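See structure below.
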Amino acid sequence: MNNQEIIDVFERQKKYFSEGGTLDVSERKRRLTALRDAVEKYSDLIAEALKSDLGKSPSESYMCETGLSLSEINYQIKHIKKFTKRQKVTTPMAQWIATSFRYPSPYGTVLVMSPWNYPILLSLDPLAEAIAAGNTVILKPSAYSPASSAVLKKIISEVLPEEVAAVIEGGREQNKILLDLDFDYIFFTGSKTVGRQVYEKAASRLTPVTLELGGKSPCIVDKTANISLAARRIVFGKYLNCGQTCVAPDYVLCHGSVKEAFIEEVKKQIVTQYGKDPLANADYGRIVSRKHFERVAGLIDRNKVVFGGQTDEEGLRIAPTVMDGVTYGDKVMGEEIFGPIMPIMTFESLEEVIKKVNEGESPLAAYYFSSDKKSIEKFLSELRFGGGCINDVLIHLATSYMPFGGFGESGLGSYHGKTGFDTFTHYKSVIDKKTITDLPMRYQPYSKFYDFLIRLFVR
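As structure tokens, then:
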């Protein structure tokens, strides 16, 4: 779309919202049901698009994108009636006789900007939540995943009128046009660099935002961990989608006493899960673009590679790679990897790990493999991070029953399930004061008796 076409869509959505077109809850539910049915109908087409954009297998596409999207849409359908009801709260004695409640209201016209690494899931989740909350939505997928963007446009345009939800394809030019418009809310998932630009644009209009960013998420393996199981789960989480996952274990901190055993188990698991030649595995994905391939490949220190390291420049593929003897001064530790490289460092005490991680930017996720309850509690209470797992990785993302979001540099706000509905909702705090009586002590002229009553009720 050109500049004027984008503006026209935006203005139609603004007009539709101002006329109350999204307020009927039964109509919101009908739209979500139609969206769910269309996602199911075109699940094979979604898998083809994800294969084209990222080399994902059909199994991975459903498990990590289509299935999770359907789960979130179904959650909103199931709970929308409850979520949209006014929420009664306690009324203080000083405001007797009255009823107090929070009244959920949609923000208006929302911009959702989604990334390329999980282009279906990270588009449909916030889209469904925004529609459930009664907003109109303009969805701007990433230009790096064009096939997925096309499928999203096909699905959404087939079941939702453009004044309710519209997909804008394109790149930086379209992003610029959209960010210059006066949206009522902006939801962005992507890099910190672009996230800062979005935040600056939103701040100029005092537009509320959610920023889902990233960071170097640590994975800690202590000496009490089940090493074989830890290796199995970490290999899965690290190399899923070729490492292009915002909550992937970025690097591993392994207790020195179990490091060698852990590395051997990691090697075994890579072979078990991806085969002796992962680059020949049709179910192993690829890096999204040449630019990203060159950046990730440039992080590999051949002198520290203990497994993998093979690359296929033509196919934009990098084999699952393990690096040992890594230090914080290495290039691979200078940025979020977002690729299939596992740097391994050692530690001797949890205190030193917590101190080092907390000195840097707060990560989006953190993972701790241990069977020591005191150490687990210390990890939870003292380490600063967005969310994470004990004795597993990634799975805290795959639920509608907990909020997902960053902390500090890794993001602002959260979503999923009820929290997702709340993200796209403004709650009006309202007191409905009854007219059968009117307490006199707040009015002048004041008196000692009224002062006594005020002190009795207001404390």
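Each number in the numbering used here corresponds to the 1-based position in the sequence shown with 2 added.
Every residue, glycine too, gets a C-beta built ideally from N, C-alpha and C.
The structure presented is a predicted model; accordingly, all values stated were derived computationally and were not measured.
If you draw a 10 Å sphere on the C-beta of Ser-61, you find fewer than 16 other C-beta atoms in it, and that means exposed. With a cutoff of 8 Å on beta-carbon distance, Pro-121 and Ser-159 are scored as not near each other.
Per DSSP, reduced to three states, the secondary structure at Ala-168 is strand. In the three-state scheme derived from DSSP, where H, G and I count as helix and E and B as strand, Lys-435 is classed as strand.
Under DSSP, Gly-389 shares a beta bridge with Ala-367.
Leu-52 and Val-395 have their C-alpha atoms spaced approximately 23 Å apart.
The Cβ atoms of Gly-413 and Gly-407 lie closer than 8 Å to each other.
Assignment of Glu-411 by DSSP, reduced to helix, strand and coil, places it in the helix class. Within the model, the alpha-carbon separation for Ile-79 versus Ala-130 is close to 9 Å.
When Gln-97, Asp-26, Tyr-77 are compared, the shortest CA-CA separation from Arg-444 is found for Gln-97. His-257 has Phe-349 as its beta-bridge partners, per DSSP. Taking a cut-off of 8 Å for Cβ pairs, the segment 226-235 and the segment 201-217 do not touch, as fewer than three such pairs fall below it. Rounded to whole angstroms, the gap between the alpha carbons of Gly-57 and Asn-76 is 27 Å. DSSP places Phe-340 outside both helix and strand once states are collapsed to three, so it counts as coil. For the options Asn-137, Glu-350, Pro-251, the alpha carbon positioned closest to that of Tyr-370 is the one of Pro-251. DSSP places Gln-97 in no beta strand (DSSP E); its state is neither H nor E.
Taking the Cα positions, Arg-297 is about 44 Å away from Phe-85. Separation of Gln-15 and Asn-137 (C-alpha to C-alpha, rounded to the nearest whole angstrom) is 9 Å. In the three-state scheme derived from DSSP, where H, G and I count as helix and E and B as strand, His-398 is classed as helix. By the C-beta criterion, the segment 326-334 is judged not to be in contact with the segment 376-387, since fewer than 3 inter-stretch pairs fall below 8 Å.
Annotation: the continuous alpha helix (DSSP H) that includes Val-27 extends over 27-43. By the criterion of a C-beta distance shorter than 7 Å, Leu-37 is surrounded in its chain by Ile-75, Ala-130, Val-161, Leu-162, once the five residues flanking it on both sides are discounted.
Inclusion of Pro-106 and Thr-439 in the CB contact set at 8 Å is not warranted, their separation being larger than that value. Put simply, the backbone Cα of Leu-126 is about 11 Å away from that of Val-169. Straight through space, the alpha carbons of Ala-132 and Val-139 are spaced by roughly 7 Å. Straight across, the Cα-Cα distance linking Arg-104 with Lys-87 is about 9 Å. In terms of Cβ geometry, Gly-172 and Ala-145 form a close pair [threshold 8 Å]. Within the segment 215-301, the runs of beta strand (DSSP E) at least 3 residues long that lie entirely inside it are, in chain order, 220-223, 253-257. Per the coordinates, the alpha-carbon of Glu-384 lies some 26 Å from the alpha-carbon of Val-237. Contact between Ser-54 and Asp-285 is absent: CB atoms are separated by about 15 Å, not below the 8 Å threshold. Taking all protein chains shown into account, Phe-451 has fewer than 16 neighbouring C-beta atoms within 10 Å of its C-beta and is therefore exposed.
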